[in-house]
């Protein structure tokens with residue numbers, strides 16, 4: 001594998017609410033051999049599928065499948081061909097805060113519709129096949145089928161905040177960030193319990209599934225037992241980076257090597273009892289970057305700063 005695609009977003013110049021932060025989606029191409037990066041796509045969502053005030057525009061976690069990149073914005077699903085031309089596009093009123101898009105072998109797409117705590121299976125033309133509420137509720141108990149959620153800036157607080165979907169032997173699984181686990185949508189009794197901290201990803205290589213935790217840990221789960229086999233604390237093996245950044249996005253390679261994404265820590269807004277607003281977080285510490293680790297010897301091999309290429313948040317490595 002010589003080329004890898006990094007999917008994310010460029011920050012706006014102002015410090016805003018976390019649902020208003022980004023101004024455009026970004027896709028970069030990395031040549032893994034010589035560590036060179038090329039800018040491939042800058043994307044701006046059309047106004048009719050965004051909130052009217054301060055919309056956040058970014059790409060979220062994508063899937064590379066048969067030389068096509070399937071990717072979502074907060075309210076859209078796009079398919080890029082290998083020339084990075086948009087080959088397919090749709091947006092549905094139920095879409096709010098999409099976090100991941102994954103094609104299935106049957107030709108349909110799985111869309112993680114985070115704002116509605118849902119996973120939606122759709123055809124490539126955007127026709128809904130079925131949907132699941134990942135909190136175990138009826139999908140429309142807390143939401144309305146008549147509302148255009150693309151125009152709503154945020155539906156937080158979420159009950160589960162699903163963020164990544166994957167398949168194991170035909171079963172559909174999704175990570176639930178707030179429950180710190182992954183559940184099987186076909187058989188709800190099946191679950192991968194991880195715990196401790198918020199999780200992302202769910203990328204399979206051979207008989208292992210790789211998850212990230214936002215504070216800088218990799219969790220490796222055995223496919224057969226669905227049990228945690230190993231945890232690696234990247235903070236401990238990253239020189240000088242105790243404030244390591246928001247860890248999200250992983251690509252396991254052969255020979256115990258992994259690529260991991262880190263996004264600059266975003267500020268969070270807290271309203272104080274007296275009505276004043278306080279911003280918290282280590283904003284400006286540790287740039288958004290891609291890192292390569294050797295897990296066999298617990299060593300950081302190299303890092304690439306992505307902010308010089310206008311990427312201030314990374315969602316997936318493909």
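Residue numbers (full-length UniProt numbering): 1 to 318.
Idealized CB from N, CA, C, for every residue including glycine.
Cβ-based neighbour list, residue i, same chain, cut-off 6 Å, excluding 5 preceding and 5 following
i: residue 307; result: 287 and 288
i: residue 318; result: 5, 62 and 64
Range covered by the beta strand (DSSP E) that runs through residue i
i: residue 41; result: 36-43
i: residue 108; result: Element bounds for residue 108: n/a, residue is neither H nor E.
i: residue 287; result: Taken as a continuous stretch (DSSP letters only), residue 287 belongs to no beta strand (DSSP E), as it is neither H nor E.
i: residue 118; result: 118-122
i: residue 367; result: Any question about residue 367 goes unanswered here, given that the chain covers just 1 to 318.
i: residue 317; result: 313-317
i: residue 251; result: 246-252
i: residue 4; result: 3-11
i: residue 176; result: 171-176
i: residue 130; result: 128-133
Nonlocal neighbours in the same chain, by C-beta distance under 8 Å from residue i, ignoring five residues either side
i: residue 76; result: 45, 49, 89, 90, 91, 95 and 98
i: residue 151; result: 50, 51 and 52
i: residue 238; result: 216, 244, 291 and 300
Residue i versus residue j: straight-line alpha-carbon distance, rounded
i: residue 118; j: residue 170; result: 19 Å
i: residue 205; j: residue 147; result: 40 Å
i: residue 310; j: residue 31; result: 18 Å
i: residue 176; j: residue 36; result: 34 Å
i: residue 367; j: residue 195; result: Only positions 1 to 318 of the chain appear in this structure, which leaves residue 367 out of reach.
i: residue 256; j: residue 200; result: 20 Å
i: residue 208; j: residue 253; result: 12 Å
i: residue 233; j: residue 72; result: 30 Å
i: residue 283; j: residue 181; result: For residue 283, the predicted structure reports a pLDDT of 41, less than 50, and the residue's modelled location is therefore unreliable. The matter cannot be settled from this model.
i: residue 6; j: residue 274; result: 42 Å
i: residue 136; j: residue 154; result: 21 Å
i: residue 126; j: residue 296; result: 43 Å
Residue i and residue j closer than 7 Å at C-beta
i: residue 84; j: residue 38; result: no
i: residue 236; j: residue 220; result: no
i: residue 101; j: residue 70; result: yes
i: residue 183; j: residue 191; result: yes
i: residue 20; j: residue 54; result: yes
i: residue 9; j: residue 291; result: no
i: residue 185; j: residue 161; result: no
i: residue 129; j: residue 113; result: no
Helix, strand or coil at residue i [DSSP, three-state]
i: residue 201; result: strand
i: residue 114; result: helix
i: residue 309; result: helix
i: residue 48; result: helix
i: residue 243; result: coil
i: residue 83; result: coil
i: residue 150; result: helix
Sequence-distant residues of the same chain with beta carbon closer than 7 Å to residue i, five excluded per side
i: residue 305; result: 287 and 289
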